[in-house]
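In my numbering, the protein residues as written are 33 to 348. Right, one structure below, let's go through it.
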């Protein structure tokens, strides 16, 4: 009974310590009030409650990071194999030396992207076995990898890689005519990174803000500074991309708000259950102590009555 009482009390103290100071928020929870959150970032004002929320999503975050890295590595590998099969790696297979230089640089970027993702998976496996690195740092690392993957995916585009290298896009010709380029691949790469970050990865909304802003700015820099192949449609592409990013961010924020409300309700229910079990154990202990004291009292009365001498023979 004492061990059961100690476990119940320890559970109550741990749960209460995680949620102490979080009363009076806008989330409806039974008998414990709601958990206060910041209006913009949606983070709990209590650091202990925020850490508990992160720990509840840690396993899902690690698994999703493995899947994300696998997807990026597979796509980069497929693009590299396609590049090798169509162009080759001998200068004689290209029409001019500039094409060979750009293609070799494109392949090196894809190879670096694959190696970086393999290294990231190994690093995340090592960090998953230790508790020395906080969950905030792990989230920041994953967000940084998403940004780098988006930049690498855009920079491997043949048109923009040629422009960044300081070469004219006219080096690419088909049947003696300049090759036609578009921003389709670049916009799809940005859209893919936004979709993976907001739908696949259980990262907090406030940690994805840097990726959302950098995605729009990156395309704007490429389109207006280096020059887009669709000069007339570039402003409209920026507007559509911004709309997509904002809509994804609002959807992610709404989903996280609902998830935090569910976490708050579940935590409150566990507090109430632990308190009820503790009270029942206290009542059970009090009842056992009462029965034991009653049994001792009856036993002492029986001993006292047996100690009184009998006067029956004297009366006779």
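Beta carbons are placed, not taken as given, at the ideal position from N, Cα and C, and that holds for glycine.
Asked                                                                                                                                                     : Found
Measuring alpha carbon to alpha carbon, tell me which of 283, 263, 269, 264 ends up nearest residue 232.                                                  : 283
Hey, could you find the ends of the alpha helix (DSSP H) residue 227 is sitting in?                                                                       : 216-227
For the region 239-257 and the region 266-273, state whether three or more C-beta atom pairs, one from each stretch, are separated by less than 8 Å.      : yes
When DSSP labels each residue in this structure, what does residue 274 get in the three-state scheme?                                                     : helix
Is residue 118 helix, strand or coil when you go by DSSP?                                                                                                 : helix
In the DSSP assignment, find the alpha helix (DSSP H) that holds residue 147 and state where it starts and stops.                                         : 129-160
Give the straight-line distance between the Cα atoms of residue 86 and residue 167, rounded to the nearest whole angstrom.                                : 7 Å
Whose C-beta lies closer than 6 Å to the C-beta of residue 130 among residues of the same chain, with five residues either side of it excluded?           : 199, 203
Pick out whichever of 109, 220, 127 has its Cα sitting closest to the Cα of residue 148.                                                                  : 109
Cβ atoms of residue 239 and residue 127: under 8 Å apart, would you say?                                                                                  : no
Write down the C-beta distance between residue 1 and residue 234 rounded to the nearest angstrom, noting that I regard them as a contact closer than 8 Å. : The displayed coordinates of the chain run from 33 to 348. Any statement about residue 1 would go beyond what the structure contains.
Tell me, please, which residues DSSP counts as bridged to residue 210.                                                                                    : 205
When you compare the region 74-89 with the region 148-158, are there three or more beta-carbon pairs, one atom per stretch, that lie closer than 8 Å?     : no
In the DSSP assignment, the alpha helix (DSSP H) including residue 170 goes from what residue to what residue?                                            : 167-187
Please state the DSSP three-state secondary structure of residue 295.                                                                                     : helix
Helix, strand or coil: how does DSSP classify residue 126 here?                                                                                           : coil
Measuring straight from C-alpha to C-alpha, what distance separates residue 41 and residue 281?                                                           : Bear in mind that a pLDDT of 46 at residue 41, under 50, signals an unreliable position, so the number given afterwards is only what the model happens to contain. Between residue 41 and residue 281, the C-alpha separation is close to 42 Å.
At the level of alpha carbons, what is the spacing between residue 112 and residue 184?                                                                   : 13 Å
Which residues in the same chain have their Cβ closer than 8 Å to the Cβ of residue 201, if we skip the five residues on either side of it in sequence?   : 191, 194, 195, 210, 211, 213, 261
If you draw a straight line from the alpha carbon of residue 304 to that of residue 104, how long is it in whole angstroms?                               : 45 Å
From residue 164 to residue 158, what distance separates their C-alpha atoms?                                                                             : 11 Å
8 Å is my cut-off, CB to CB: does residue 144 come that close to chain C?                                                                                 : Checking the listed chains, one finds no chain C in this structure; it contains a single protein chain.
Is residue 242 near residue 181, with beta carbons less than 8 Å apart?                                                                                   : no
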